[in-house]
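Asker:
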Amino acid sequence: MDDDKLPIKMLNDRVLVEADDDAERKSSGGILIPATAQMAKRLVWATVVAQGQNVRACEIGDKVLFSPDDRYEVEVQGNDYIMLRERELHAVASERNESSTGLYL
Amino acid sequence: MDDDKLPIKMLNDRVLVEADDDAERKSSGGILIPATAQMAKRLVWATVVAQGQNVRACEIGDKVLFSPDDRYEVEVQGNDYIMLRERELHAVASERNESSTGLYL
Amino acid sequence: MDDDKLPIKMLNDRVLVEADDDAERKSSGGILIPATAQMAKRLVWATVVAQGQNVRACEIGDKVLFSPDDRYEVEVQGNDYIMLRERELHAVASERNESSTGLYL
Amino acid sequence: MDDDKLPIKMLNDRVLVEADDDAERKSSGGILIPATAQMAKRLVWATVVAQGQNVRACEIGDKVLFSPDDRYEVEVQGNDYIMLRERELHAVASERNESSTGLYL
Amino acid sequence: MDDDKLPIKMLNDRVLVEADDDAERKSSGGILIPATAQMAKRLVWATVVAQGQNVRACEIGDKVLFSPDDRYEVEVQGNDYIMLRERELHAVASERNESSTGLYL
Amino acid sequence: MDDDKLPIKMLNDRVLVEADDDAERKSSGGILIPATAQMAKRLVWATVVAQGQNVRACEIGDKVLFSPDDRYEVEVQGNDYIMLRERELHAVASERNESSTGLYL
Amino acid sequence: MDDDKLPIKMLNDRVLVEADDDAERKSSGGILIPATAQMAKRLVWATVVAQGQNVRACEIGDKVLFSPDDRYEVEVQGNDYIMLRERELHAVASERNESSTGLYL
Chain L
1 MDDDKLPIKM LNDRVLVEAD DDAERKSSGG ILIPATAQMA KRLVWATVVA
51 QGQNVRACEI GDKVLFSPDD RYEVEVQGND YIMLRERELH AVASERNESS
101 TGLYL
Chain X
1 MDDDKLPIKM LNDRVLVEAD DDAERKSSGG ILIPATAQMA KRLVWATVVA
51 QGQNVRACEI GDKVLFSPDD RYEVEVQGND YIMLRERELH AVASERNESS
101 TGLYL
Chain U
1 MDDDKLPIKM LNDRVLVEAD DDAERKSSGG ILIPATAQMA KRLVWATVVA
51 QGQNVRACEI GDKVLFSPDD RYEVEVQGND YIMLRERELH AVASERNESS
101 TGLYL
Chain Z
1 MDDDKLPIKM LNDRVLVEAD DDAERKSSGG ILIPATAQMA KRLVWATVVA
51 QGQNVRACEI GDKVLFSPDD RYEVEVQGND YIMLRERELH AVASERNESS
101 TGLYL
Chain R
1 MDDDKLPIKM LNDRVLVEAD DDAERKSSGG ILIPATAQMA KRLVWATVVA
51 QGQNVRACEI GDKVLFSPDD RYEVEVQGND YIMLRERELH AVASERNESS
101 TGLYL
Chain F
1 MDDDKLPIKM LNDRVLVEAD DDAERKSSGG ILIPATAQMA KRLVWATVVA
51 QGQNVRACEI GDKVLFSPDD RYEVEVQGND YIMLRERELH AVASERNESS
101 TGLYL
Chain V
1 MDDDKLPIKM LNDRVLVEAD DDAERKSSGG ILIPATAQMA KRLVWATVVA
51 QGQNVRACEI GDKVLFSPDD RYEVEVQGND YIMLRERELH AVASERNESS
101 TGLYL
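Listed in order, the protein sequences are those of chains L, X, U, Z, R, F and V.
Okay, so the first sequence: first residue is 1 according to full-length UniProt numbering, each after it adds one.
Okay, so the second sequence: first residue is 1 according to full-length UniProt numbering, each after it adds one.
Okay, so the third sequence: first residue is 1 according to full-length UniProt numbering, each after it adds one.
Okay, so the fourth sequence: first residue is 1 according to full-length UniProt numbering, each after it adds one.
Okay, so the fifth sequence: first residue is 1 according to full-length UniProt numbering, each after it adds one.
Okay, so the sixth sequence: first residue is 1 according to full-length UniProt numbering, each after it adds one.
Okay, so the seventh sequence: first residue is 1 according to full-length UniProt numbering, each after it adds one.
1. How about tryptophan 45 of chain L and leucine 65 of chain L: are their beta carbons less than 8 Å apart?
2. Is there a Cβ from chain U that is less than 8 Å from the Cβ of valine 74 of chain X?
3. Is proline 7 of chain R close to chain Z, meaning its C-beta is less than 8 Å from at least one C-beta of that chain?
4. So is glutamine 77 of chain V buried or exposed if we call it buried at 16+ other beta carbons inside 10 Å?
5. For chain U, check one thing: does any of its Cβ atoms lie closer than 8 Å to the Cβ of glutamate 24 of chain X?
6. On the CB-based measure, 16 or more other CB atoms within 10 Å of its CB, does arginine 96 of chain X come out buried or exposed?
7. Using a Cβ-Cβ distance cut-off of 8 Å, determine whether alanine 50 of chain X contacts chain L.
8. Please state whether the Cβ-Cβ distance between leucine 105 of chain U and isoleucine 8 of chain Z is less than 8 Å.
9. At the 8 Å Cβ level, is glutamine 38 of chain F part of the contact set with chain V, yes or no?
10. Using a beta-carbon distance below 8 Å, is leucine 103 of chain V in contact with chain F?
11. What does leucine 65 of chain R pair with, by DSSP beta-bridge criteria?
12. Taking just the CA atoms, how far does serine 94 of chain V sit from leucine 6 of chain L?
13. In the DSSP assignment, find the unbroken beta strand (DSSP E) run with leucine 16 of chain L in it and report its ends.
14. Whole angstroms is fine: what's the gap from arginine 101 of chain L's alpha carbon to alanine 91 of chain L's?
15. Report the partner residues of leucine 84 of chain U according to the DSSP bridge assignment.
16. Terminal residues of the continuous beta strand (DSSP E) containing lysine 9 of chain F?
17. Taking 8 Å as the threshold (beta carbon to beta carbon), is arginine 42 of chain L in contact with chain X?
18. Check whether the Cβ of alanine 46 of chain F lies closer than 8 Å to any Cβ atom in chain V.
19. Does glutamate 98 of chain X come out as helix, strand or coil in the three-state DSSP assignment?
20. State the Cα-Cα distance for the pair isoleucine 82 of chain R and glutamine 53 of chain R, rounded to the nearest angstrom.
21. Round the Cβ separation of tyrosine 72 of chain V and leucine 84 of chain F to the nearest angstrom and send it over; I've been treating them as touching at under 8 Å.
22. Starting from valine 76 of chain F and walking both ways along the beta strand (DSSP E), at which residues does that stretch end?
23. Near alanine 57 of chain L, which residues of its chain fall below 7 Å by C-beta distance, leaving aside the five closest residues on each side in sequence?
24. Report the CB separation of valine 74 of chain Z from aspartate 62 of chain Z in whole angstroms; it is logged as a contact under 8 Å.
25. With 8 Å set as the bound, which would you pick, yes or no: does the beta-carbon of alanine 91 of chain V sit closer than that to a beta-carbon of chain L?
26. Just to make sure I have the definition right: I need the residues of chain Z whose C-beta is within less than 8 Å of the C-beta of glutamate 18 of chain U. Which are they?
27. Given this structure, state the Cα-to-Cα distance separating serine 67 of chain U from valine 55 of chain F, to the nearest angstrom.
28. I'd like to know whether the C-beta of leucine 11 of chain V is nearer than 8 Å to at least one C-beta of chain L.
29. To the nearest angstrom, report how far apart aspartate 80 of chain R and glutamate 18 of chain R are at their CA atoms.
30. Considering only DSSP beta bridges, list what alanine 50 of chain R is partnered with.
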């Protein structure tokens, strides 16, 4: 990567997330399925790392629920991230939420 | 899943439902067909577990009618749920409804 | 189905219909073709059983004309129904209609 | 069909037409091609039998020009009709038209 | 065709054109390619015979430029015509045009 | 072509261009690739010959940048032209442009 | 290319970028993968060379993040560039950005 450190900004409705390490699911046979190669139609959680100025649904550090199939990936400073759009988020897990649903991550 | 309990909130028009156990249909040969693997084009009922702030059509605990084909699934605290959007709901069964249609679940 | 009787309400533009028994057409060879397995592109009549609050085109008890191909089906209290949307209705047969077209069902 | 005579009304933009008997085209070899099985991309004429309240382009008895491919058909009192939508009509032949185009059916 | 002469009117944005006889192009091998079976993507000229009341781009007698592929055809009084929509016209050749482009048909 | 010279006018957003002779690209093996049969996804330059009254992006004589794949062609007075729409133009090269980009054709 | 130097202007929302030389990624086996032939779904960075008057998200010299698959390419003065549209940009790296995300290129 380029030496002089250029700060990166997400545009508009983009949400950059990092797959949770323990988000790997164990297939029934115990084989580790990395989050991004999850069964299609199976939603997964990831942590918000950066987001565009138009994003309202979540904040940096929140966990968000999305479908991992057919996703853009990007590598920044050696780390792999997934590029999402706000409308692709189904749910958010965060201390800020009142616990109305009784569901916890 | 992560230990510290983060309350989960559904976004916008999302409706999280749990398939009714007895919603499994018996194929003519008596084989149990799990709700989610229902014949295409066959609508099924499920119970609302959580919903986004924009949802008007139903409330938590209601039974809703939807098509099970091509659905997103998510596992929370070991339970399997189905992620829907309000516009995909065809009907609602709830004590709140006046019994105008004469149809009961 | 669940024992405590929950009244069912159709949502928005949904129209629940029941295929007319005698709506089965006899193929030229006299074989009974059940309404729902009608030749594609062939419209059939059915009776309105329930409808959402936004439906204006018909009322419960009217006969409506629609295309049976690629329809959602639902079973309520052991009866099979077809789930339609108002925009899929081509015509209505009802005593309320003046007999302008000279066509009768 | 059901005995008590229910008057039929077309909805919105629907136009019910009856193929003209003589509208059958003779293929070059003299074989009779029924109107509805016309060569694709070949427009045909038919007579308006009934129309929804939103239809402005024609009136009952007019001849209308449309593409016969991929059409809905319906049988009423033993007669076969074709169900069209107003936007699918290309031209109208009627005494009401001034003869501006110099074209006559 | 039916005997009593019903004047024909085009609807809305329809433009009825007649392929120019000499518009046939000679393939390199001298074989006559009728205008309507022109190579795809090759535009052709034809003469306006009739048009709907919403058409502004041309007048009866003008030459218009369009793509002949995948067109509706109609036969009126034994003549073959092509049915177009105004938005499918690319250019018009007419005495009314000032000769700004320096291009002539 | 027809003898009496009818001036041709482009309609609406159409832009008629003539491929630049030297716009042919030499494939690595030195084989001449005519502009119109350029590699897909490779943009080419051409000169504006005529344009509809709604076109703002360029003027007659400008060079415009567009994708040559899947284009309409038309022959006028023995010359071959390409028919474009304004929205398909990516860039314009013209003396009128200030040289802000530092890029020259 | 043509001798008289015509200044080139991008239109509307176009963004012309030049792939960063070091943007080539080494496949695990050390084989150099040119930026434009990047694995699908893998976003890459490039430098903005020119942009249309409607572009707000970036400025000439910024680094922008986009998906390299299925892109238009253009050659100007012997250099290869990629033609993008503003809405296809996911993120921008530039000194102008405050370092809110903590991510640097």
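C-beta atoms are modelled at their ideal positions from N, C-alpha and C, and glycine is treated no differently.
Answerer: With the structure as the only source:
1. Locating residue 45 of chain L in the first sequence gives position 45, counting from the first residue. Locating residue 65 of chain L in the first sequence gives position 65, counting from the first residue. Cβ atoms of tryptophan 45 of chain L and leucine 65 of chain L: closer than 8 Å.
2. Counting from one through the second sequence, the residue named residue 74 of chain X turns up at place 74. No, because no Cβ of chain U sits closer than 8 Å to the Cβ of valine 74 of chain X.
3. For the purposes of this step, residue 7 of chain R is identified with residue 7 of the fifth sequence, where counting begins at 1. Closer than 8 Å: yes.
4. Within the seventh sequence, numbered from 1, the residue matching residue 77 of chain V stands at position 77. Classification of glutamine 77 of chain V: exposed, given that the 10 Å Cβ count is below 16.
5. Translated into positions along the second sequence, residue 24 of chain X becomes position 24. With a pLDDT of 49 at glutamate 24 of chain X, under the threshold of 50, the modelled position of that residue is not reliable, and the figure given next carries that caveat. It does not: the Cβ of glutamate 24 of chain X has no partner Cβ on chain U nearer than 8 Å.
6. If you number the second sequence from 1, residue 96 of chain X lands on position 96. Here arginine 96 of chain X is exposed, its C-beta having fewer than 16 other C-beta atoms within 10 Å.
7. Within the second sequence, numbered from 1, the residue matching residue 50 of chain X stands at position 50. It does: the Cβ of alanine 50 of chain X has a partner Cβ on chain L nearer than 8 Å.
8. For the purposes of this step, residue 105 of chain U is identified with residue 105 of the third sequence, where counting begins at 1. For the purposes of this step, residue 8 of chain Z is identified with residue 8 of the fourth sequence, where counting begins at 1. The beta carbons of leucine 105 of chain U and isoleucine 8 of chain Z sit closer together than 8 Å.
9. Here the question's residue 38 of chain F lines up with position 38 in the sixth sequence. Here the model assigns glutamine 38 of chain F a pLDDT of 44, short of 50, so the residue's position is not dependable, and the following value carries that caveat. It does not; no Cβ of chain V falls within 8 Å.
10. Position 103 of the seventh sequence, counted from the start, is the residue given in the question as residue 103 of chain V. No, its Cβ sits nowhere closer than 8 Å to a Cβ of chain F.
11. Within the fifth sequence, the letter at position 65 stands for residue 65 of chain R. Bridge partners of leucine 65 of chain R: R/Trp45 and R/Ala91.
12. Taking the first sequence and counting its residues from 1, the one referred to as residue 6 of chain L is at position 6. Taking the seventh sequence and counting its residues from 1, the one referred to as residue 94 of chain V is at position 94. When the Cα atoms are used, leucine 6 of chain L and serine 94 of chain V turn out to be separated by approximately 5 Å.
13. Mapped onto the first sequence, residue 16 of chain L falls at position 16. Per DSSP, leucine 16 of chain L belongs to the beta strand (DSSP E) from 14–19.
14. One-based indexing of the first sequence puts residue 101 of chain L at position 101. One-based indexing of the first sequence puts residue 91 of chain L at position 91. The residue asked about is misnamed: residue 101 of chain L is threonine in this sequence, not arginine. Rounded to whole angstroms, the separation of the alpha carbons of alanine 91 of chain L and threonine 101 of chain L is 11 Å.
15. Taking the third sequence and counting its residues from 1, one reaches residue 84 of chain U at position 84. Note: leucine 84 of chain U sits in a beta bridge opposite U/Val15.
16. Within the sixth sequence, numbered from 1, the residue matching residue 9 of chain F stands at position 9. Per DSSP, lysine 9 of chain F belongs to the beta strand (DSSP E) from 8–10.
17. Reading the first sequence from its first residue, position 42 is the one you call residue 42 of chain L. Yes, arginine 42 of chain L counts as interfacial toward chain X.
18. Mapped onto the sixth sequence, residue 46 of chain F falls at position 46. Not one chain V Cβ lies under 8 Å of alanine 46 of chain F.
19. As a working mapping, residue 98 of chain X is identified with position 98 in the second sequence. Glutamate 98 of chain X: coil per DSSP, three-state reduction.
20. For this step, residue 82 of chain R is matched to residue 82 along the fifth sequence. For this step, residue 53 of chain R is matched to residue 53 along the fifth sequence. Approximately 18 Å, taken between the alpha carbons.
21. The residue you call residue 72 of chain V lines up with position 72 of the seventh sequence. The residue you call residue 84 of chain F lines up with position 84 of the sixth sequence. That belief does not hold up - the Cβ atoms of tyrosine 72 of chain V and leucine 84 of chain F are roughly 14 Å apart, past 8 Å.
22. Along the sixth sequence, read from residue 1 onward, the residue named residue 76 of chain F stands at position 76. Element bounds for valine 76 of chain F: 72–76.
23. Locating residue 57 of chain L in the first sequence gives position 57, where the first residue counts as 1. Glu86, Leu89 and Val92.
24. The residue you call residue 74 of chain Z lines up with position 74 of the fourth sequence. The residue you call residue 62 of chain Z lines up with position 62 of the fourth sequence. Actually they are not in contact, since the Cβ atoms of valine 74 of chain Z and aspartate 62 of chain Z sit about 19 Å apart, beyond 8 Å.
25. As a working note, residue 91 of chain V is residue 91 in the seventh sequence. For alanine 91 of chain V, a Cβ of chain L is located within less than 8 Å of the residue's own Cβ.
26. The sequence position of residue 18 of chain U within the third sequence is 18, counting from 1. Those within 8 Å of glutamate 18 of chain U in chain Z number zero; the least Cβ separation is about 14 Å.
27. Your numbering for residue 67 of chain U matches position 67 in the third sequence. Your numbering for residue 55 of chain F matches position 55 in the sixth sequence. Rounded to the nearest angstrom, the two C-alpha atoms are 45 Å apart.
28. Counted from its first residue, the seventh sequence places residue 11 of chain V at position 11. Chain L contact via Cβ: absent.
29. Sequence index remark: in the fifth sequence, residue 80 of chain R carries index 80 (1-based). Sequence index remark: in the fifth sequence, residue 18 of chain R carries index 18 (1-based). Whole-angstrom Cα-Cα distance: 7 Å.
30. Here residue 50 of chain R refers to the residue found at position 50 when the fifth sequence is read from its first residue. Paired residues: R/Leu16.
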